[in-house]
Every structure is written in C-alpha cells, then in structure tokens.
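To start, the structure under review is shown below, and the notes come after it.
There are 2 protein chains.
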Amino acid sequence: MSTETDHWLAKLRSLDCRVTGARRAIVDVMVSTLRALTPVEIYDLARQNDPHLGLVTVYRTLEKLEELRLIQRVHQEQGCQAFLRAGVGHQHLLLCERCGQAVLFDGDDLDALFSRIGQQTGFEIKDHWLQVSGVCAGCK
Amino acid sequence: MSTETDHWLAKLRSLDCRVTGARRAIVDVMVSTLRALTPVEIYDLARQNDPHLGLVTVYRTLEKLEELRLIQRVHQEQGCQAFLRAGVGHQHLLLCERCGQAVLFDGDDLDALFSRIGQQTGFEIKDHWLQVSGVCAGCK
DNA sequence: GTATAATTGAAAATCATTATCAATAGTAGG
DNA sequence: CCTACTATTGATAATGATTTTCAATTATAC
C-alpha cells in the first residue's frame, strides 16, 4: 500500500467516493503495474488482496479512475480493453511488443506538426493521440 | 461502382477470394464513404444495394479488407469498432468531432521524434499510431 | 457444363460490458 | 460510540459486439 495509492484514494474521495477495501485493492494494482492490464487481469490480481472482490466493481472503479485521468485506456491490435496508469501532462505511450512494458515519453515537439496540419486542412485541432510500439532494451 | 471499387476487388481476388455481390456492395460503401463506419452502419448502407446481405458477411469482409490494409480501424472515445478506408504510406488520421469527416495527412516529420525516443529509452521503435481530432472548417 | 472449394445467411455461442437490486458498509453528525 | 444517510457492493440478468457452426448456394477453373 504505497503513498501513491493513498494519493489516488484521496483523489477518489474528492469525487464524493468512499474509500473501500475493493477500491484500495484495485488502485494498488494499477499503481504498481507498469503494463497494460485488462479488467479481468486486474480482477485476478486484486483478488489476491481482496478475495471477495467482484468483476463488476473492477469495471466501476476503472470508470472512476479514468474520469480522474489517473489511468488511461491502451489501444492495441488485439483489442482496446486494457488500462494503464496515466502519464502527466503531454506524455505519450511507448509499449514493448514482447514483454508489454510501458514507458511514457514527452511529446511537446508535436505542436509544430499540429499547427501545420491545422493550417493545411482548415481544422481547429483539439486533441491527439499517439502511441508507439517496439522492442525494449531488455527484450532485444 | 467506381474504378477504385474494382481495384479493391482485384486485390481481394489476389488473396484467393471470390468476387461476390455481397463483397461488391460492402467494398463500394467503404470506397465511397469518408467517415468512420461501424459494421452495422456498413451493413445498413450496403443493403441498399444488396438487400439480402447478412451482418456476419460484413464482419468477414472487413476482416479481409483490413488484412489487405485497404481499410483501417478507427479508435475513438466512444469505442473502437469503426472502420475507414486506409491512407497510403505514412498517413495519419484527422477526424472532425462534429460531422465525423475524415482527412488523411502526411506525418513524415515524426521520424525525428521516434529516433529521439529510441535513443532515450533504448527501445527499437517498430510501429506508431497517431490520430488527431478537432473541428473541420465546415463545422466551425 | 461440371466439379470444386469458397462464400453465404441464419442461428447459436461466446466474450465484454452494463443495468438491476437487495444487502452491506463508509462517513458525517451528534 | 451510535445513528442515519447514502454510496458501494456482489450476484444475477440483460445487453451489445463479435465469432462459430453448418447446410445450402455460387463463383471460378477446367
């Protein structure tokens, strides 16, 4: 139960949420895992601490955590149901194809690209989404 | 039934696929639509030409077209089940939040970013995925 | 034409997610 | 500490998306 777990729970509390054993277990999994997890994987891991936990509660808690931007959804070829702790500010996701390890990197230098695209297309750019994959140093 | 439709059907044929009325209708929808469509939307549109068409055939045909990289899956907040014709080479997707219109733009200038990320993280970068959204000129 | 194998649609099965609901348990206030 | 209030819980059922199965049909090569 890390300091960071407590920080996430405090954020939940600020959303009129109560701090329960189920949420503690789920948050603890998300805080301490550096790869994308599906709801069922989170369910399995969290039940090691809270064996009574139900899958539905996992879905409900993930929804709150995503709303608080503490976690993000990860999109992959195999599917888009995995979640991972979110980065801060303008960070993007880099995933290892082999071990699944996730790394966050800064992407400030994309602004030039977006303003160019905006001018060329006449769009007012609002949002963007960048995800990169490859093979990490350990898996090479 | 455009020239481009024929071109897509020829590509399908090169995959040992037969050219059928169902596939013709589905390909025609994908070739002529510039916004992301869900399988059911494609089903509804294609049935205007081939009323006997089944939804399962839509799923099966989309699978082939994705394999041939003629279409791409579009990922959005609301879900990731929509498809759109693919761009050529290193093109990325720009979507209008209001009308759904899709525009493809070139993203060659991302290479510098990726080599920087590769060096900083020790990853061998293999693939990336960029999607941008905003409001198009017509919707502003 | 005919034979062959791919393709079809319908129905059923699967998988992910969401809604319902009565029982439980945080939390604020005394 | 006790109580009341309301959020949360897990089980079950319902929904929605996608895949599988299968017998009938049909494109295509010969």
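First to last, the protein sequences are chains A and B. For the first sequence, position 23 (counting from the first letter as 1) is numbered 24 according to the working numbering, and the numbering increases by one without interruption. For the second sequence, position 108 (counting from the first letter as 1) is numbered 109 according to the working numbering, and the numbering increases by one without interruption. By construction, the Cβ of each residue, glycine as well, lies at the ideal position given by its N, Cα and C atoms. All values derive from a computational prediction rather than experimental measurement.
Within 10 angstroms of the Cβ of A:Y44, are there 16 or more other Cβ atoms? Answer buried if so, exposed if not.
So A:Y44 ends up on the buried side.
Check each candidate in A:L111, A:G101, A:Q82, A:T122 and name the one with the smallest Cα separation from A:H93.
A:L111
Quick check: is the beta carbon of B:E5 nearer than 8 Å to any beta carbon in chain A?
no
Nearest by alpha-carbon distance to A:A138: which of A:L85, A:R99, A:I118 is it?
Just measuring C-alpha positions, the residue of A:L85, A:R99, A:I118 sitting nearest A:A138 is A:R99.
Do the segment 101-121 of chain B and the segment 48-60 of chain B touch if we need at least three Cβ pairs shorter than 8 Å?
no
B:G101: CB within 7 Å of a non-hydrogen atom of the ligand ZN
Annotation note on the ligand ZN: not contained in the displayed structure, which lists no ligands.
Within the 8 Å Cβ cut-off, does B:I126 reach chain A?
yes
Buried or exposed: A:R25, going by 16 or more other Cβ atoms within 10 Å of its Cβ?
buried
Less than 8 Å between the beta carbons of A:L85 and A:V75, yes or no?
yes
Taking the runs of the alpha helix (DSSP H) that are 4 residues or longer, which of them lie wholly in the segment 13-82 of chain A?
22-33, 40-47, 56-68
Contact set between B:A138 and chain A, taken where Cβ atoms lie within less than 9 Å
T122, G123, F124, E125
For A:R14 and A:L66, what's the separation of their Cα atoms in angstroms?
11 Å
Distance, Cα to Cα, A:H129 vs B:H8?
Rounded to whole angstroms, A:H129 to B:H8 spans 32 Å at the Cα level.
Which one of A:V20, A:V32, A:A113, A:L16 has the shortest CA to CA distance from A:T4?
Comparing C-alpha distances from A:T4 to each of A:V20, A:V32, A:A113, A:L16 shows the shortest one belongs to A:V32.
For A:S134, return the contacting residues in chain B, with the cut-off set at a CB-CB distance below 9 Å.
F124, I126, K127, D128, H129, W130
Name the chain A residues that come within less than 9 Å of B:C100, Cβ to Cβ?
Per Cβ cutoff of 9 Å: no residues; B:C100 is ~11 Å from chain A at best.
Look up A:S3 in the DSSP assignment and say whether it is helix, strand or coil.
Secondary structure of A:S3 (DSSP, three-state): coil.
Anything in chain B within Cβ reach of A:K141, meaning under 7 Å, just list it in chain order.
E125
What residue does the beta strand (DSSP E) around A:Q102 start on, and which one ends it?
First-last for A:Q102: undefined, no H or E at that position.
Taking CB distances under 8 Å as the criterion, tell me whether A:V89 reaches chain B.
no
Using the Cα positions of B:F29 and A:D29, report the straight-line distance between them to the nearest angstrom.
What sits at residue 29 of chain B in the sequence shown is Asp, not Phe. Going by the C-alpha atoms only, they are around 50 Å apart.
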